[in-house]
Structure formats: structure tokens, C-alpha cells
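> Counting from 34, one number per residue, gives the positions in the sequence shown under the numbering used here.
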Amino acid sequence: MMRYRAPVVGFMIRLIRAPLMSVWAAAAVVRLGELARTGPVPGGDTATYRAAADQLRGAPLVDGASLSFLPPLLPVLMAVVRNDAALAILLALLGALVAPACWALTNRHFGRAAAWIAAALAATEPSFVQWTPYLLTDLPGLSLFAVALERTSVQLASPRPAAALAAGVATGLSYTARAAFALPGLILALTHASTTRRRAVVGAFVLGVGLVFLPFLVRNEIALGEATVYRGQTWLLLWAGTRWNEVGRATGGVDLIYPGDYASWTPEQRDAFHRQEFMSFVTEHPGEWLLLALRKALWFWLPAYPEWSAIHKLLAIPYFCILYALAGVGAVHQRRSALTWLLLACIAATQLTVMATIVDYDDRYRLPVELCLLPLAASAAASIGAVLRRSPVISRSGNG
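#1: Closer than 6 Å by C-beta to Glu-370: which residues in its own chain qualify, once you throw out the five before and the five after it? Chain order, please.
#2: So, at 6 Å on beta carbons, what are the nonlocal neighbours of Gln-88 in its own chain, with the 5 sequence-adjacent residues on each side left out?
#3: For my contact list, Pro-192 and Val-234 are in at a C-beta cut-off of 8 Å; report their separation, rounded to the angstrom.
#4: What does a CB cutoff of less than 7 Å around Leu-269 pick up in its chain, not counting 5 residues either side in sequence?
#5: Measure from the alpha carbon of Leu-385 to the alpha carbon of each residue in Ala-152, Thr-139, Leu-219 and Leu-126, then state which is nearest.
#6: Can you list, in chain order, the residues of its chain whose CB lies under 6 Å from that of Thr-185, leaving out five sequence neighbours each side?
#7: Would you grab the beta carbon distance between Pro-93 and Arg-303 for me? Rounded to a whole angstrom, and I think it's under 8 Å.
#8: Measuring CB atoms only, is the region 123-135 touching the region 49-68, in the sense that at least three cross pairs come out at less than 8 Å?
#9: Considering only their Cβ atoms, is the gap separating Leu-120 from Val-114 smaller than 8 Å?
#10: To test your reading of the DSSP string, which unbroken alpha helix (DSSP H) runs of 4 or more residues are found completely within the region 265-305?
#11: For Glu-320, is the classification buried or exposed, using 16 other Cβ atoms within 10 angstroms of its Cβ as the cut-off for buried?
#12: Could you please give the first and the last residue of the uninterrupted alpha helix (DSSP H) stretch that includes Pro-166?
#13: Strictly by DSSP, which residues pair up with Val-74?
#14: Does Gln-384 come out as helix, strand or coil in the three-state DSSP assignment?
#15: Do Val-387 and Tyr-394 come within 8 Å of each other at the CB atom, strictly closer than that value?
#16: Could you tell me how far apart the beta carbons of Cys-405 and Leu-376 are, in whole angstroms, since I believe they sit closer than 8 Å?
#17: Suppose you measure from the CA of Gly-433 to the CA of Arg-423; what does that come to, to the nearest Å?
#18: Looking at Thr-209: is its Cβ nearer than 8 Å to the Cβ of Val-262?
#19: Measure the beta-carbon distance from Leu-177 to Ser-207 and round it to whole angstroms, keeping in mind my assumption that it falls under 8 Å.
Laid out in C-alpha cells, this is it:
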């Protein structure tokens, strides 16, 4: 018995000491601590996802009003894990993957010192921790996109089909969590298409996405007669975006006026209405639509919102200003790195998505951008630290 115990214990110690595992464990502890403090928190959309989960559990191959329009990942998880506390723990552990993903991609391209800073930031990022207890799609989608981004960053250094396959699976899963990852996911696909071993890498990426999409395509072909992952609400969101204002910001307080018989319309009729209203606004008022998009961009980057408490603003404003400044310095410093341009492209894709649709006061829509800022900010912080360590003043004080 003793012969086998030593190797097992040694393996467990090596596993715990492994950077990715230790970083994930630290992030998980932070998130589980926040969950223990608040308990599971239902969001505004949680009831809709739960209704979709009930429909899926009761009749998985039958169309459901909620299920067919929602990203399916959370309803599937809710259908399997019925207890809210257990579901919240699962989402917290999944959300902790952001930290090792940040460590790995930063270490690969910006160095080990920056990697540890990026991991620490990802583990404790206020927005990431704040949204951990919510039974919503934001953190699962973010963590899956972080894994997809990390696996895609491999292609920038040494193209590998295995990494592309994993990136495809993670990209597909992120889209089944949140439709907002459609454009950033396209950026990852284009990155794979630009590699030197294009055919093998692109094929592996497409295969990964296809493996994720296939069950939902088959299910919806049977239930809806449409081979689609989910119908989504793209035209509704685009139309709602034309009604955006600084008070309601496309949530409460925004006037969405529907025709009187709208409730009896088919999904196709509603889509046609939203599409027509959106296109009419853009073609008849192009300048107003562009100005509206620029106003959304400004609100998107605000470090704090008027609705927040004084203490929330006091903590958020300095943090985000420093994060933005460091990320800007890091982007300039690492401007020759392909990872920098990949991160900036993902930021732009997220920004365009929000500018065309809505900006919410709860800042959930900014989470993917914050993820992309962390490696750049960590690179700047590591460079500043290296300069300070080489400073004669610091050296003399260190020598005592």
C-alpha cells in the first residue's frame, strides 16, 4: 500500500503546484467566497431560462416559446442541475477558468511576470466577481470565450490543429451561452483562417464548432423544422437599439411601442416588423443613428454609472481609469505582438455589437472587453515593475 501512496501524493502535489491549476483554484476560492456571501442571485432573465429548462426537461424535441429563442447552454445546465445552489457553484467553478486562460495566453506572448499579474487581475476582477452569484449566462459565456481566446492565441505562435479543435469547441459553447459572442467568435475564426497551416487548422476549428452545434441543429430541425442553433432576437435588439437613451439605456424607461395585435403575431412576422422598423430608421435618419451609436460607445466605456451608489463609484472610477490607462500603455508597448491585435479586434467586435444594440447600466456587456484588457494591462504593469527594479534609487534602497 505504501508503495503506491508516495507516487499518488507526489502527483497530487505537482498538480496543485501547476500554474494553471493553482490559478484556477485561487479564482475559484474568490468566486465561491462571493457566492457564500450572497447566495445564488436570480437576474432579470433567470425566470425565462428556467422556463426554457422546464420545457426542455419535459419535452426536449418539442418547440417551446422560450427555448427556441434563447441561447441553449444555460437551459441545458438548468435542466440537468435543478438546485439553484448547486447550479451557482457549477457556474462559479466554470467562471474561474478565466484566470488560467489569462495566465496561459499572457505567458505565451507577453512573458511570465505579466502572466501572473494577468491571472491575479482575472481572479479578482471586480466585475467578474460581482456577477459570479447570478444565475445568468454572462460568466459562463465569458469563461468559455476566454478558453477559446487562449486556444486561438496558440495559432499565433505555432499553429496546431489540436488547439484549433479546442478553440472551435470553446467558441461554439460561448455562442450557445450568449449571442453577443457571435462577432468576437468570427474574429477567432478569421484568426485561424490566416495561419500558415490554413487547411488543417481551419478544418479543426470548424469541426470543433460543428461538434457543439450539431445536437442543437438536430433538435431544432425536429422541433422547429429549422436547422438552427437558436433563433435569437437579432432584429429585436437592433430595433430596440434605435430607441436607446441615456435614462433607460434600452432597459427600463425606454419606449418600445408595438402594434396592437403584436402578441398574436408569428415569430416570422415579428422579425419582419423589427427588421423593417430598424432599416427604416437607419435609411431615413443615418446621421441620428450614427450619433446614437457614438453616444452608446461613450456610455459603454464609462467607469461608473449615475445609478450606482457613492461607494460603488468611489471604488469603480479609480480602478477602471487605471485599468484603461495600463491597457493603453500595454497596447502601445506590445504593438508588434499579434496577440495585441487579436485582443483589440475582439474589443472592437464587442464594441460594435453594443453600439448597434444596447448599453445596460449593470455593465454586463463590457465583461468581454475587460477580459481582453487584462493581458495588455498586465504587460504594462510588468514592464513598469521591471523599469523600477532597474532604477538606481530602487537598487540602492534594496541594498540597504
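Ideal placement from N, C-alpha and C gives every residue a C-beta, glycine not left out. It should be emphasised that the depicted structure is a prediction, and the values quoted were computed from it without experimental measurement.
On the basis of the coordinates in this document:
#1: Glu is not the amino acid found at residue 370; the sequence shown has Ser there. Within the same chain, Ser-370 has close Cβ partners His-142.
#2: Gly-97 and Leu-100
#3: 5 Å
#4: His-307
#5: Leu-219
#6: Ala-200, Leu-221 and Thr-224
#7: Rounded, the Cβ-Cβ distance is 25 Å, inconsistent with contact.
#8: yes
#9: yes
#10: 267-274
#11: Going by the sequence as given, residue 320 is Gly instead of Glu. Looking at its Cβ environment, which holds fewer than 16 other Cβ atoms inside 10 Å, Gly-320 is exposed.
#12: Taken as a continuous stretch (DSSP letters only), Pro-166 belongs to no alpha helix (DSSP H), as it is neither H nor E.
#13: Tyr-167
#14: helix
#15: no
#16: 4 Å
#17: In this prediction, Gly-433 has a pLDDT of 45, which is less than 50 and means its spatial position is unreliable; what the coordinates show is noted afterwards. Between Gly-433 and Arg-423, the C-alpha separation is close to 15 Å.
#18: yes
#19: 4 Å
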